[in-house]
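In full-length UniProt numbering, the protein residues as written are 1 to 131. Cβ atoms here follow ideal geometry from the backbone N, Cα and C, with glycine treated the same way.
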Amino acid sequence: MTQAQELLRFGLVGVIGLAVDVTLLAILREPIGIYAARVVSFFGAATATWILNRSFTFADRAAGIHIFSEYLRYIGLMLSGGLVNLATYSFLASRFSQAPLWLSAYVCIGSLLGMVVNFMGASKWLFRHKG
């Protein structure tokens, strides 16, 4: 598979992750607040994308490590892009409307900015061994 095909698959998985992210945020924002909800929604989305990326995007590659170690490394890598994502979300939420639709838009903007960081980490460092 070419890098362009992997990037496309990574993006498709990211859209699913975004849906998980936005859904969890919408469910949790009232009971726990918009910032705590955003942290929980990020980890939920990261877990969903790990499962999909390892079985779909990088199915022909192996991390070459125990599955729990792979998960922890993936989460660590996603935190890099996640920090970009969360910083963008926090910046926008602190300065503009906190209406649910706008919060979802801020998640989308942050997700796009963090995607390249996440793809490079996953494709070049974690799932680097051809199967």
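When only Cα atoms are considered, A4 and F58 end up about 12 Å apart.
In this structure, Y89 lies away from R29, with their beta-carbon atoms at least 9 Å apart. If you look at L25, you'll find it in the alpha helix (DSSP H) that goes 3 to 32.
The C-alpha of L92 is placed about 6 Å away from the C-alpha of Y106. Taking C-alpha positions only, V40 is separated from V22 by approximately 11 Å. Distance from the Cα of E6 is smallest, within the candidate group Q98, I34, V20, S55, for S55.
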